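Okay, so here's the structure we're looking at.
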Amino acid sequence: MGSAEPTFERVANFAALVAAANRAARGHRRSLEVAEFMLNLEPEVFRIERELRAGTYGPRPYRTFAIRDPKPRLISVAAFRDRVVHHSLCAEIGPSLETGALPWSFACRSGKGVSAALLHARKLVRRFPYALKLDVRHFFETLSHGVLEELLRPRIRDPRLAGLTRTFVDAGAPGSAPGCGLPIGNLTSQYFANFYLDPLDRRIVRGLRIAGYCRYMDDVLLFANSKSELWSALNSVERFVHESLALRLKSEVTRLIPAGEGVPFLGFVIYPGTVRFDPARARRWRARMRALSHALDLGSLTEEHAQEIAGSLDGWACHGNTLAFRRAWVARRVGGGLGRGDVEARTG
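Quick note: the sequence shown uses the numbering used here, first residue 2, plus one each step.
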């Protein structure tokens, strides 16, 4: 890896930690915890730097809450000072985790993301007649610390940096079995979890020679010209996931789909000519917009904050061809709800 090899010194560096704090604060400056940290940025960062270098740093307890989006999940929110360290660590180890990664995984990678994943999947829908959709059962909750640390060992060879990495891995996730799980919500968890499935990418593309492939975290699509090729690949993937990665596929959502009938992926359904909300995502979008409207009417949100939230919801919807859907929703709401101010205009 030469000079690009990640080092502890570049993580526990004042300038790197300041830059990490600014990245971690984006979109969260309304939070009292974040505002207080940023108001006292230099002394707070000096404190973290001293603890890291002295070996006395340790993560603080998580704040947890449950969501259903669409399945129940326990979200763990780290203290902001820990999120600063997460950002500094991920900025340093990210390029090393990219080494050897195939171009068809799209989470937590520069130049990738949801839009790129949907665009690639749409090309595959147009190219191949059949798709196989796979998902890992309780992925974040059950991934093995032992397997992850073995995968990380050749990528992070600085002993102090490896120790800091283990600090976050070994902390596990609230409610997970010992030696398993990463907390949903940590930036480090996103990076580690995406990297954990790199061997699966290589197994499918290079080992099984599947010509059409797309993965966003543990949401996986395989494409081929025949059903038999995909059924054969499924048997091999199931064994590999269990024997090499200590995980299991979620058999109840495994589906072999004629691509022209629409392929579900990332909350959308991809057709050769368009990308639409899947029905569950459409219902959740409407429910969130109604809740936002109600909060605005009650005065529990300012119009400025409501516009920010509406813009975020709208931004997600814009990953698909949802303009007609959103305009129809606005038309039904004219005269009430988000009609205050310009919030509804964000959905047009």
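We put the beta carbon where it would ideally sit given N, CA and C, even for glycine. Note that the structure is a prediction, hence the values are computed from the model and not measured.
Three-state secondary structure (DSSP) of residue i
| i | result |
| --- | --- |
| S177 | coil |
| Y1 | Residue 1 lies beyond the stretch modelled for the chain, which goes from 2 to 349, so this question has no answer here. |
| Y217 | strand |
| A13 | coil |
| I258 | strand |
| F269 | strand |
| A102 | coil |
| A108 | coil |
| R27 | coil |
| A225 | strand |
| R277 | strand |
| L250 | strand |
| V344 | Residue confidence is low: V344 scores 44 on pLDDT, short of 50, so the model does not pin down where it sits. No coordinate-derived value is stated. |
| V19 | helix |
| I157 | coil |
| I211 | coil |
| G338 | Low local confidence applies: a pLDDT of 44 at G338 is under 50, so the model's placement there is unreliable, and no value is given. |
Spatial distance of residue i from residue j (CA atoms)
| i | j | result |
| --- | --- | --- |
| R204 | V238 | 8 Å |
| R74 | P62 | 18 Å |
| I49 | A225 | 51 Å |
| S229 | L201 | 20 Å |
| R27 | F66 | 21 Å |
| G164 | P44 | 25 Å |
| V344 | I76 | With a pLDDT of 44 at V344, under the threshold of 50, the modelled position of that residue is not reliable, and no figure is offered here. |
| P60 | T168 | 8 Å |
| R216 | N195 | 9 Å |
| V19 | S233 | 50 Å |
| N41 | V86 | 16 Å |
| V221 | Y214 | 8 Å |
| R127 | T189 | 35 Å |
| R82 | A172 | 16 Å |
| G274 | L209 | 29 Å |
| F38 | R24 | 13 Å |
| P179 | S252 | 25 Å |
| I271 | L125 | 10 Å |
| H243 | F266 | 23 Å |
| P184 | P175 | 7 Å |
| R161 | I68 | 35 Å |
| F47 | T57 | 14 Å |
| F15 | Y197 | 30 Å |
| G182 | T166 | 14 Å |
| V35 | R84 | 10 Å |
| A212 | A22 | 41 Å |
| A13 | C109 | 22 Å |
| F241 | T8 | 32 Å |
| H29 | V264 | 35 Å |
| G112 | W105 | 12 Å |
| S177 | R138 | 13 Å |
| R156 | I94 | 8 Å |
| R207 | R64 | 41 Å |
| V254 | D279 | 15 Å |
| R11 | L231 | 45 Å |
| G114 | L33 | 29 Å |
Whole-number beta carbon distance between residue j and residue i, since they are thought to touch under 8 Å
| i | j | result |
| --- | --- | --- |
| L250 | D136 | 7 Å |
| A117 | F107 | 5 Å |
| F269 | R277 | 6 Å |
| A79 | N187 | 6 Å |
| D199 | A122 | The Cβ separation is near 19 Å, so there is no contact. |
| V170 | L149 | 6 Å |
| A17 | S89 | 5 Å |
| L248 | F140 | 7 Å |
Chain B contact for residue i (CB, 9 Å cutoff)
| i | result |
| --- | --- |
| V170 | Looking at the structure shown, chain B is missing, and only one protein chain is on hand. |
Could you tell me which uninterrupted beta strand (DSSP E) segments, each at least 3 residues in length, are contained entirely in the region 110–154, listed from first to last along the chain? Entirely contained in the region 110–154, the beta strand (DSSP E) runs reaching 3 residues are, in chain order, 131–136.
To test your reading of the DSSP string, which unbroken beta strand (DSSP E) runs of 3 or more residues are found completely within the region 44–99? DSSP runs (the beta strand (DSSP E)) wholly in the region 44–99: 64–69 and 73–78.
Stretch-stretch touch, CB-based, cutoff 8 Å, three pairs: the region 123–142 with the region 253–272: In short, these stretches touch, since the Cβ pair count reaches three.
Would you be able to state if there are at least three C-beta pairs under 8 Å between the region 51–58 and the region 92–103? In this structure the region 92–103 does not touch the region 51–58; the number of beta carbon pairs closer than 8 Å is below three.
Closer than 8 Å is the cut-off here; do at least three beta carbon pairs connect the region 173–193 with the region 137–152? Touching, yes.
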